[in-house]
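Comments concern the structure below.
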Amino acid sequence: MPVKPLSNPQRRLVIAASALVSLTLAGCNSDVSQVYSSASAAPSGKSGQVRIALLASSSQNGFNKAVYDGAVAKAKEYGDVEVTIFDGKFDSQTQFNQVQNVASQGTYDGIVLVPNDNVGIAAAIPAAAQAKIPVVTTLFPVGPNLTELKPQVEGIVSTVAANTEENSKKLAEGVVEYCEDKDPCRVAILIGQLQFPFDNLRNKAYRSVLDGHPNIKVVATGQGNYDRDTSLKAMQNILQANPKLDVVLSNADQQTIGAQVALESAGYDLSKMYVTGGGGNQEAIKQVRAGTWAADQVDFPNSMGRAALEQVVNAVRGKPVTPVIDANTLGPVPVIVTKEILDEHPDFAGEWAD
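Position one of the sequence shown corresponds to residue 16 (this note's numbering), numbered consecutively onward.
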């Protein structure tokens, strides 16, 4: 998973409770980190022009930047659509406030959201609905059901995402195949943060597949926080307690890149292990092509941004909206890639850089 959420369960409860008291938080446009116009030559004013707020989980994050780039590319095709990116700073309360500020300002016609906390932010969406500002969520559905892609909250008109549970199980199934003739087959799991709903879902999905095979031993679970340095240290700690590993099952490319440094420093040849990543960034695709990593779960953030922008503009202009777009179908390769699959797609390099 390429995005690093920084909320916690207690904060979500506080945010949700405060949202029930008031749907409008004091604020101004000061939380806009960067403003990018995709329609500088388009006619000014409201006549035909649509202004979209893209609420990134972090405007400095490569995955979010790719979503933005895709949205801008689609906006340029329209010629009269402008996209402004907001920096969520990997902080759920910042992004919660941004939704309510956008809803209250009257400046924007629609929202594209890359949520930090997809559960907690649901309480902010009714403010947008009340202001008649449609919201399209990307990467994750918004609401209490983590596997339901159909909009669950009033104001969400479309979800551009994939079923995280199913994708995680597919990644774990590759581990089972690799471990078939190994007993024991020692697995280390690297997850973002187990306190976050989607990371917990991923970990449970991995274990639901792996725990059914007695030869597979999950010897450690480390939290990499979607960060190279954190993951390097986590893997160093894992190796101190478990010097023999056969598999590293990671949900994020950044984490796998950090773990790779620790593993190679300890003398491991990753090509003889089963090492995975998640996100499909350009470095990950290179590693899988080289046979260093065994597999990667691929996302298509640029394509997601294009699809989300199209749906929110359709909603603003009263055109038909597709309520669910399966993000797994947006790219030229399947969601789980191996060297053999990438050899069949020599031109695919990944849609984003870390």
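All C-beta atoms in this analysis are idealised placements derived from N, C-alpha and C, irrespective of residue type, glycine included.
{"Check": "DSSP state of V157 mapped onto helix, strand, coil", "Outcome": "coil"}
{"Check": "Contact under 8 Å by Cβ, P149 with A330", "Outcome": "yes"}
{"Check": "Ranges of the alpha helix (DSSP H) found wholly within the region 274-300, counting only runs of at least 4", "Outcome": "none"}
{"Check": "Runs of alpha helix (DSSP H) lying entirely within the region 90-120, each at least 4 residues, in chain order", "Outcome": "107-120"}
{"Check": "CA-to-CA distance, Q251 to A203, given in whole angstroms", "Outcome": "12 Å"}
{"Check": "Proximal residues to R27 (C-beta, below 8 Å), its chain only, five neighbours per side dropped", "Outcome": "No answer about R27 holds up, because its pLDDT of 39 lies below 50 and its placement is not dependable."}
{"Check": "Pairwise C-alpha distance: S72 and I95", "Outcome": "Looking at the sequence itself, residue 95 is Asp, so the reference to Ile does not match. Using only the alpha carbons, I get a separation of about 26 Å."}
{"Check": "Cβ separation of N230 and K185, assumed to be a contact under 8 Å, to the nearest whole Å", "Outcome": "Not quite, the Cβ-Cβ distance comes to about 20 Å (not below 8 Å), so this is no contact."}
{"Check": "Ordered list of beta strand (DSSP E) runs contained in the region 163-200, each at least 3 residues", "Outcome": "171-176"}
{"Check": "The region 187-194 / the region 166-173 touching (three or more Cβ pairs under 8 Å)", "Outcome": "no"}
{"Check": "Inter-residue Cα distance where the pair is T353 and Y221", "Outcome": "18 Å"}
{"Check": "Assigned secondary structure, A68 (DSSP; H/G/I helix, E/B strand, else coil)", "Outcome": "strand"}
{"Check": "Exposure of D268, with buried meaning 16 or more beta-carbon neighbours within 10 Å", "Outcome": "buried"}
{"Check": "Whether F363 touches I300 by CB criterion (8 Å)", "Outcome": "yes"}
{"Check": "Separation of V127 from F315, as counted between CA atoms", "Outcome": "16 Å"}
{"Check": "Nearest-angstrom beta carbon gap, I253 and A281 [assumed within contact, 8 Å]", "Outcome": "Going by Cβ atoms, the distance from A281 to I253 rounds to 10 Å, so no, they are not a contact pair."}
{"Check": "Cα-Cα separation between G292 and V87, rounded to whole angstroms", "Outcome": "28 Å"}
{"Check": "Same chain, Cβ closer than 6 Å to F323, neighbours up to 5 away in sequence not counted", "Outcome": "A small fix is needed here, since residue 323 is Ala in this sequence, not Phe. So the qualifying residues of the chain are V127, V151, T153, V175."}
{"Check": "For L225, three-class secondary structure by DSSP", "Outcome": "helix"}
{"Check": "L254 (DSSP reduced to helix, strand or coil)", "Outcome": "helix"}
{"Check": "Coarse secondary structure for K147, derived from DSSP in three states", "Outcome": "coil"}
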